[in-house]
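Take a look at the structure set out below.
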Amino acid sequence: MAESTKIEWTDHTFNPWTGCTKVTPGCDHCYAESWAKRSGHVKWGNHDRKRTTVDYWKAPTIWNRNAERFEAVHGRRQRVFCASLADVFDNQAEPQWRIDLFQLIRDTPRLDWLLLTKRPSNIAKMLPADWQDGYPNVWLGTTAEDQSRYDTRWPQLAAVPSVVRFISYEPALGPLSISEHTSAPDWLIIGGESGAGARPMSARWATDAIRECRTLGVAPFFKQWGHYRNNPTAIDRALDDHALRLVDPHGKGGGLVDGELVREFPQPLQRTISRSAA
Ligand code: SF4
């Protein structure tokens, strides 16, 4: 539930509650489930979700209060990943918790909230009544670990207005082309699976996806290879893990693509706040 995070594309994580049920092959090695088993904090699967504490819920307000200082140092707004140990659009979560979450989001306009879900078919029906064209400080994303999931989930996400719509192609479990649809996301996060039993990622999947992003004007963010055995630098130069870690220390399994970091962010659509109540 840590508030600061090592996830390369965000500054903070926030979990309004914990607990979830696996819904797709990308969930097979869910790190949140491993965390839950280790910590005993919540039972995974079809069990009650557990709301986080009142004190924990105060953290985003503090980040919001510190926004001026953060922006002066970094030259950009803070990003908050919600949620790493749950799914915001989970049918099994208490609806009131989601209502409270959106109130918190409205109360913290200096934060950009990145809501990433594996249940994009639920987004439209679970958004607050004043969503309209999207809150100016909310980016909506869904995971697509392969082509078939992208083909199902991207149209569901694309149907919902948002200042940024993004795809997390992580864990990448198969090739993915985003050019076959009439629209494309604003941002594509790409990453290989890490940890015990991680499934392999082909270097070609990553380079092809980045090339398509360049063609379509999508911001690519290559996070990591997941494991050094996926990393083409290791394969091309016959380096062992230790040597490779010195050459490419980025993310898990390294993060260089053709010798460079590819870590771009989208430009959110500009929206003004014109709402009354949720
Ligand atoms: S949706 Fe996310 S949190 Fe839920 S089981 Fe799948 S990987 Fe884990």
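Start counting at 1 in the sequence shown, then tack on 3, and there's your number in the numbering used here. Every residue, glycine too, gets a C-beta built ideally from N, C-alpha and C. As the structure is a computational prediction, the values presented were derived from the model and not from experiment.
Quick test of your reading: residue i and residue j, contact by CB under 8 Å. State the CB separation rounded to the nearest angstrom.
i, j, result
"L117", "W100", "Incorrect: roughly 18 Å between the Cβ atoms, too far for contact."
"L259", "T236", "6 Å"
"C23", "W47", "7 Å"
"F169", "I193", "No, F169 and I193 are not in contact; Cβ-Cβ is about 11 Å, not under 8 Å."
"L88", "W12", "About 17 Å separates the two Cβ atoms, so there is no contact after all."
"D136", "P164", "5 Å"
Looking at the unbroken beta strand (DSSP E) that takes in residue i, where does it start and where does it end?
i, result
"W47", "No beta strand (DSSP E) holds W47; DSSP gives it neither H nor E."
"F224", "A222 to Q227"
Answer yes or no: do residue i and residue j have a C-beta to C-beta separation smaller than 8 Å?
i, j, result
"Q150", "G195", "no"
"A75", "F17", "no"
"K121", "D90", "yes"
"L176", "P28", "yes"
"D222", "L179", "Reading off the sequence shown, one finds Ala at residue 222, where the question assumed Asp. It is not a contact, given that the beta carbons lie outside the stated cut-off."
"Q81", "D14", "yes"
For the alpha helix (DSSP H) containing residue i, list its first residue and its last residue.
i, result
"R248", "D244 to V250"
"S42", "Y34 to S42"
"V76", "A70 to H77"
"D154", "Q150 to A161"
"W100", "P98 to D110"
What does the alpha-carbon distance come out to for the pair residue i and residue j?
i, j, result
"R79", "D115", "10 Å"
"L119", "E183", "22 Å"
"T218", "A147", "20 Å"
"R152", "I181", "11 Å"
"D261", "P269", "22 Å"
"V26", "P174", "14 Å"
"C33", "V167", "25 Å"
"S42", "Q159", "34 Å"
"I126", "S205", "31 Å"
"P203", "I238", "14 Å"
"W60", "T111", "12 Å"
Determine, using beta carbons only, whether residue i comes closer than 8 Å to chain C.
i, result
"A89", "Structure shown: chain C not included; a single protein chain is present."
* **Test item, CB below 5 Å from any non-hydrogen atom of the ligand SF4** => Taken from the N-terminal end onward, the list reads C23, K25, C30, C33, A35, D90 and K121.
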